[in-house]
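Residue numbers (this note's numbering): 72 to 248.
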């Protein structure tokens, strides 16, 4: 029994020492162009989904009216478009250089399937090791909800909000280009 216990302790110690050496000797991929580590994506997604399920609000405290969607469009253009893109616009140089790749919300599968509370949580808290900053310290709850509602309704925005997004200064192009 002592030999089994000793073998288990030594096995754990070897794994911990190996992990320490892997990271401390610079073998871990840290460049955005490097491939992900084994299980990195799976573990990160599992932890993120569990945390959001536990903490994301389920009720939206503001209406999805034109005023809030317009405000959300202005905020999105100012803070989000550089990474997450705009409808009909190419991916920005910033987005191309990020790892993991930021989702392009207005191209292909966006976030309209996500509950607004999930998007709110992500915008407020950020996502560690992804490049997604936490906007909670710099934006009000109302602003965070406005952006979240904009994205939840991205497939059915009023023309006024669509116009704001098509001429956003963050895209580097105007509606006339």
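For glycine and all other residues, C-beta sits at the position ideal for the given N, C-alpha and C.
Should residue 73 be labelled buried (16 or more other beta-carbon atoms within 10 Å of its own) or exposed? The sequence position of residue 73 within the chain shown is 2, counting from 1. Classification for residue 73: exposed.
Beta-carbon proximity list for residue 248, same chain, < 7 angstroms, skipping 5 on both sides: Against the chain shown, residue 248 aligns to sequence position 177. Its pLDDT being 34, under 50, residue 248 is placed unreliably by the model, and the measurement read from it follows with that caveat. Excluding positions up to five away in sequence, the list is empty.
May I ask you to report which of helix, strand or coil DSSP gives residue 198? Here residue 198 corresponds to residue number 127 of the chain shown, with the count starting at 1. Here residue 198 sits in strand by DSSP.
Quick test of the definition: if touching needs 3 or more C-beta pairs under 8 angstroms, does the region 198-207 touch the region 120-137? no
So residue 157 and residue 214 are supposed to be a Cβ contact under 8 angstroms. How far apart are they, rounded? Stepping through the chain shown from its first residue, residue 157 is reached at position 86. Stepping through the chain shown from its first residue, residue 214 is reached at position 143. That pair is no contact at about 19 angstroms.
Which residues does DSSP list as the beta-bridge partners of residue 169? Numbered from its first residue, the chain shown carries residue 169 at position 98. Residue 169 pairs with nothing; no bridge assigned.
What distance in whole Å lies between the Cβ atoms of residue 137 and residue 231, which are believed to be in contact at a cut-off of 8 angstroms? Here residue 231 corresponds to residue number 160 of the chain shown, with the count starting at 1. Here residue 137 corresponds to residue number 66 of the chain shown, with the count starting at 1. That pair is a contact at about 6 angstroms.
Going by CA-CA distance only, name the one from 171, 143, 98 that's closest to residue 211. In the chain shown, counting from the first residue as 1, residue 211 sits at position 140. Selected option, being the one with the closest Cα: 143.
I'd like the list of long-range same chain contacts for residue 171, defined as Cβ closer than 7 angstroms, with 5 residues on each side in sequence excluded. Residue mapping note: residue 171 aligns to position 100 of the chain shown, counting from 1. Same-chain partners within the cutoff: 201.
When we look at the beta-carbon of residue 173 and count the other beta-carbons within 10 Å, is it buried (16 or more) or exposed? Translated into positions along the chain shown, residue 173 becomes position 102. Residue 173 is buried by the Cβ-count criterion.
May I ask you to verify whether the region 181-196 touches the region 97-117, counting CB pairs closer than 8 angstroms and requiring at least 3? no
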